[in-house]
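Engineer: What follows is a single structure, and I will ask about it in a moment.
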Amino acid sequence: MLFGVLGYAQPTVSVTSSETSPTNANPFTITITFSEDVTGFDDESTDIIVGNGTPVALSIAGGPQVYTAEITPTSDGTVTVDIPLNAAQATIGGLPNTASPQFSIDYDGTPPGISISVPSADPTSGGPVSYTVTYSGESSISLSDDDIVLNPTGTAVASSATVSGSTGSTRTVTIDGITGDGTLGITIASGTASDLAGNLAP
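In the numbering used here, the protein residues as written are 58 to 259.
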């Protein structure tokens, strides 16, 4: 007579996300996939361990094998997610899951900075007058002539405002053809630079 012994293995689990690193999504969604159907995975406060973030909105997606959760980053930096040992148990056999490999992603919710220098000549009787625009934390700059807004007072006007420079973190805005009496300041439109996470300059 032959006898068979049915063996069970502990479920494994992995954590993934459709977001790429760095991300500015807040919150962002993770997918938690077990190697088989499990039970008991229902408490985001103990079943999901998050570094630099908070798990919210734990929900089953597609069945007792695949779950999703939203992660709210606490601050800029690396966010980590771990599923600990025994966060869930196999539906068949009841064995606890093994701990997951750690998931990590860089969060960046800070937009690039922008500053405008004092004018190169003040006062002036006609120009040209230049301002240096300096960005920080940017990966690309798209500043163009159309992004420059003149802010006159009194009767002061200018015939042109042009942007020059194409490398590094600075651009020069030159105002020319200035007439009248008063002041001429500039404002930079929002969104003239972005960073790797997709944040836009104010």
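For every residue, glycine included, the Cβ atom is placed at its ideal position computed from N, Cα and C.
In this text, all values refer to a predicted model and were calculated from it rather than measured experimentally.
Locate the beta strand (DSSP E) running through S116, then write down its first and last residues.
Structural biologist: Looking at the DSSP string, the run of the beta strand (DSSP E) that includes S116 is 110-117.
Engineer: With D233 and P185 assumed to form a contact (beta carbons below 8 Å), what rounded beta-carbon distance in angstroms separates them?
Structural biologist: At roughly 4 Å, the Cβ-Cβ gap stays under 8 Å, so D233 and P185 are in contact.
Engineer: Using alpha carbons as the reference points, say which of P176, A147, S196 lies closest to G170.
Structural biologist: Nearest C-alpha to G170: S196.
Engineer: Could you work out which residue in T212, A118, T210, S172 is closest to S247 when comparing CA atoms only?
Structural biologist: Measuring from the Cα of S247, the nearest candidate turns out to be S172.
Engineer: Quick one: Cα of T86 to Cα of T137, how far?
Structural biologist: Distance between the alpha carbons of T86 and T137: 13 Å.
Engineer: Cutting at 7 Å between CB atoms, please list the residues of its own chain near Q67, excluding the five before and the five after it.
Structural biologist: Around Q67: L152, P153, N154, T155.
Engineer: Just how far apart, CA to CA, sit I245 and P259?
Structural biologist: Looking at the two C-alpha atoms, the distance is approximately 9 Å.
Engineer: Hey, out of N256, T80, D99, whose CA is closest to S198's CA?
Structural biologist: Reading off the sequence shown, one finds Ile at residue 198, where the question assumed Ser. Nearest option by C-alpha distance: N256.
Engineer: In this structure, does DSSP put T86 in helix, strand or coil?
Structural biologist: If DSSP states are grouped into helix, strand and coil, T86 belongs with the strands.
Engineer: Please work out which residues of its chain come closer than 7 Å, Cβ to Cβ, to F98, disregarding the five sequence neighbours upstream and downstream, and give them in chain order.
Structural biologist: Around F98: D104, Y124, A144, A145.
Engineer: Once DSSP output is grouped into helix, strand and coil, what is the label at T103?
Structural biologist: Correct three-state label for T103: helix.
Engineer: DSSP has Q146 in a bridge; who is on the other side?
Structural biologist: In DSSP, Q146 forms a bridge with T96, P153.
Engineer: If we require 3 or more residues per run, which beta strand (DSSP E) segments fall completely within the region 227-251?
Structural biologist: The region 227-251 contains these whole beta strand (DSSP E) runs: 227-233, 241-245.
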